[in-house]
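Here the working numbering is used: the sequence shown runs in plain steps of one and ends on residue 694.
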Amino acid sequence: MPVSGIIRVTDGKHKPSCMISAKLRSRAPKVDSGRLTWGNISVEPENGMALYYNGKLLCRDYPAPRRPRTSLPPEEVAQLMSEGHLPAEFLPGADQWAVEVVKELAPDAHIYGLGDKTGFLDKRHYAYENWNTDDPAPQCDNFQRLYKSINFFMVYSSAGCCGILADNTFRTRFDFGKEQDDYYFWSHDGGQLDYYLIPGKEPKEVLAKYLTLTGKNKLQQKWVYGFHQSRWSYYTPREVLETVDTMRENRLPLDGVFLDIDYMQNFRVFTFNRDRFPDPKGLMKALGERNVKVTCSNDPGVKIDPGYYVYDEGVAGEHFAKNPDGSVYEGAVWPGPAAFPDFTRRETRSWWGEKLRFLTDAGVRGVWNDMNEPANFTGPIPDDVRFAAGSHKEVHNIYGHFMGQATYEGLLAADGRRPFILTRACCAGSQRYCAAWTGDNHSIWAHLQLSLTQMMNQGLSGLYMTGADVGGFGSDTTPELLVRWCQLGAISPFFRIHYAKGTRNQEVFSFDKATMDACRVSLDLRYHLLPYIYDLAHADMPILRPLVLEFPEDEHVWTLTDQCMLGPSLMAAPVMTPGVTARAVYLPKGVWYDYYTGRRYTGGKYILAEAPLERIPLFARAGAVIPVSQGKPQSVEEIRSEVLEVFPGKGSHVHYYDDGETLAYETGLLRSLKVSVSGRTVQQTVTRDGYPGPDSLEVIWKA
Ligand code: GLC
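So this is what it looks like as structure tokens:
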């Protein structure tokens, strides 16, 4: 019997100790000359904490010191700095860290995870840093840090898969075989050595175990899986309503609009600019009548402004981060001088959570936590600024997470529905509270490519509800880029167009008819697939996933970066280069069907797929069951009838019904319909009967 186990390695007194997860501890290990064995997992604490899975070595400390690249002479450092060329690792003192772990790197190992980092699927040969950072420059492969700090990655090789969660909140760097090819390492800027080794045969198993440590993804309200339109900013109710009405007139489905910071009174959080938005409730009501819900931006920075109620309450309640002398720390964000709530403090989280009633009372349905790295316009927040849980140096990377918790708890109390929170900054475990987006990307093809690998790696880091600003945030998009990006958006867990001030309008109706029509195909596809996507969200595995998660034995997909799976059954090969109307698609072994035409393929090879401008190549696995909506719903509420699209073969799928809004499904208000396919026979069984719904659905054979 395989044993599920997680090994915790800590260094309370600078000597690694091995602590075994409760499940393993309940069984006495077999001890054999320094090797402790539980089923298929063995550990040798005195041999570099060697970890074996099914007898194969998965992970072990590197037995020799690291071999850093030689540093440059000081005069050359100065010379390079003068033109801004200096790589960070050459800065004086850059290689001094409080804690460091170095592990052997097998020649055939690939590395995944680490959240939203740039680059491609496999992180081997790259180095990164976890220090939540707001950097709106075009984010290229060599970028080391971005908004999120998820200290989790997986090392996958022919020996199996080893997940590593480095449980330390300080600034952390990771080198995945960039410095030298035969080791990887991570280093913390403070704190203690404390990490978990999560062994498994393949990434899926490791990911499931990782969630047992850090928490499950929260199922969102069903409308959240629809399409959202956003810009920085819609300035007036009229602009918002005109946008929604133009979408509706053009048969462009829509479920959500976002109000960015300009709805506030001079960027004071928990205010409405009453000149522009005199009747927020009336606006939300008018949008509700159109089946559209509103999500409002909310930043942590509170304007320092005596007399402004949030600031006054914050001072009176000791809610703000402090300088070492006890005074309120003053940074600056959109409102100018700003104080930062200390979300690591329970009282402050409750206070903030209560404040959210200001938004929910107006009918706002989602909260968009932005700038919560926290970003600060006056430069880095000093290390010694004080929070309840420690210094800024210690809590910076978890600040966004705790803002997420405050928002989650506040929204749940105020609204009662599944809280929808979109966050920019987060850390390991934030999936318990938040959905996330990839921050300020640009309208460039490189960022379309990047967004796919960011979403796949976030999925592999346990954060499933994720998406990028479709069309690109900064810079001006082009019609073709927008069309192709909408195609990836249609299969992204979170699908939102958002764009920056001063860039060209990016609502799909702002373009010529051919572009709008091509984008509409993707919006319709999203709503067609929505019942399937909602099922995937229920199943708690990444909605969008790299092929390695489904085909771990196929070495070819270990580094495949430009294709993805939507759940276990559909594979997409998005076009992410201009001027392309056909592309190479790798089909893993087995039988595949073109999703649109039903054409049958035998996998284990590349094919050339047609990719006309308005269509994303999609393939279904043999035996795939895809619950879809019928007709052309213009919002999630309009999804009335569903059918099962089925491809012959062997497979199964669980389709869910719940109220789409509350957490009642967790306590049994849930219906599940198990659909099994064998050849050309379909069997449907109600496996949970806690919510009304059909006992079976009409089957449409797609091939
Ligand atoms: C940040 C966000 C962006 C938002 C802007 C104004 O740059 O990342 O999405 O539009 O702030 O609030």
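Ideal Cβ positions, reconstructed from N, Cα and C, are used throughout, including at glycine.
DSSP three-state assignment for residue i, whether helix, strand or coil
i: GLN171; result: coil
i: PRO624; result: coil
i: ALA13; result: Below a pLDDT of 50, predicted positions are generally treated as unreliable, and ALA13, at 48, falls in that range; the measurement from the model is reported next regardless. Here ALA13 sits in helix by DSSP.
i: TYR390; result: helix
i: SER8; result: At SER8, the pLDDT of 48 sits below 50, so the modelled position is not reliable and the matter cannot be decided from this model.
i: PHE610; result: strand
i: ARG574; result: strand
i: PHE500; result: helix
i: CYS152; result: strand
i: LYS693; result: coil
i: TRP583; result: strand
i: PRO569; result: coil
i: PRO484; result: coil
i: MET145; result: strand
i: GLU309; result: coil
i: ASP185; result: strand
Check: residue i C-beta below 7 Å from any heavy atom of the ligand GLC
i: TRP223; result: yes
i: ALA128; result: no
i: ILE412; result: no
i: ARG259; result: no
i: HIS489; result: yes
i: GLY430; result: yes
i: SER442; result: no
i: PHE464; result: yes
i: ASP166; result: no
i: ASP86; result: no
i: SER288; result: yes
i: ARG340; result: no
i: ILE252; result: yes
i: ASP585; result: no
i: ASP467; result: no
i: ASP107; result: no
i: MET362; result: yes
Exposure of residue i, with buried meaning 16 or more beta-carbon neighbours within 10 Å
i: LYS6; result: Low per-residue confidence applies at LYS6: pLDDT is 42, beneath 50, and the placement is therefore not dependable, though the value from the model is reported in the following sentence. Burial call: exposed.
i: VAL22; result: exposed
i: GLN422; result: buried
i: ALA505; result: exposed
i: GLU601; result: exposed
i: LYS693; result: buried
i: PRO297; result: exposed
i: TYR597; result: exposed
i: SER620; result: buried
i: LEU688; result: buried
i: THR678; result: exposed
i: TYR320; result: buried
i: ASN121; result: buried
i: VAL571; result: exposed
i: MET447; result: buried
i: GLY168; result: buried
i: PRO56; result: exposed
i: ALA13; result: With a pLDDT of only 48 at ALA13, under the threshold of 50, the placement of this residue in the model should not be trusted; the figure read from the coordinates follows. Its Cβ having fewer than 16 others within 10 Å, ALA13 is exposed.
i: LEU599; result: exposed
Presumed contact (8 Å Cβ cut-off) between residue i and residue j, rounded CB distance
i: VAL474; j: GLU309; result: With a Cβ gap of about 52 Å, VAL474 and GLU309 do not count as contacting.
i: MET394; j: ASN208; result: Not really, about 18 Å apart at Cβ, beyond 8 Å.
i: TYR201; j: GLY151; result: Wrong, their Cβ atoms sit about 15 Å apart, outside the cutoff.
i: GLU364; j: GLY182; result: 19 Å between Cβ atoms; not a contact.
i: LEU535; j: PRO484; result: 6 Å
i: ALA727; j: TYR399; result: There is simply no residue 727 to check, as the chain begins at -8 and stops at 694 in what is shown.
i: GLY247; j: GLY292; result: At roughly 25 Å, the Cβ-Cβ gap does not stay under 8 Å, so GLY247 and GLY292 are not in contact.
i: LEU112; j: PRO537; result: 6 Å
i: ASN312; j: ARG259; result: As written in the sequence, residue 312 is Ala, which differs from the Asn given in the question. So it is not a contact: roughly 18 Å between Cβ atoms.
i: TRP88; j: SER178; result: 4 Å
beta-carbon residue i near the ligand GDP non-hydrogen atom, thresh 7 Å
i: ARG415; result: The ligand GDP is not part of the structure shown, which contains the ligand GLC as its ligands.
Beta carbon proximity, residue i to chain C, threshold 8 Å
i: PRO683; result: Among the chains of the structure shown, chain C does not appear; only one protein chain is present.
- Task: Could you tell me whether the stretch 221 to 241 touches the stretch 564 to 574, where touching means 3 or more Cβ pairs closer than 8 Å?
- Result: no
- Stretch pair the stretch 321 to 334 + the stretch 364 to 373: three plus CB contacts closer than 8 Å: yes
- Item | Any 3 or more C-beta pairs closer than 8 Å across the stretch 656 to 669 and the stretch 549 to 560 | no
- Sufficient close CB pairs (3 or more, under 8 Å) joining the stretch 502 to 520 to the stretch 576 to 585: no
- Counting pairs of Cβ atoms below 8 Å between the stretch 334 to 341 and the stretch 271 to 282, do you hit three or more? no
- Task: Specify whether the stretch 122 to 139 and the stretch 208 to 222 touch according to this definition: at least 3 beta carbon pairs, one from each stretch, less than 8 Å apart.
- Result: no
- Message: I'd like to know if the stretch 189 to 196 and the stretch 436 to 446 are in contact, where contact means that at least 3 CB-CB pairs between them fall below 8 Å.
- Response: no
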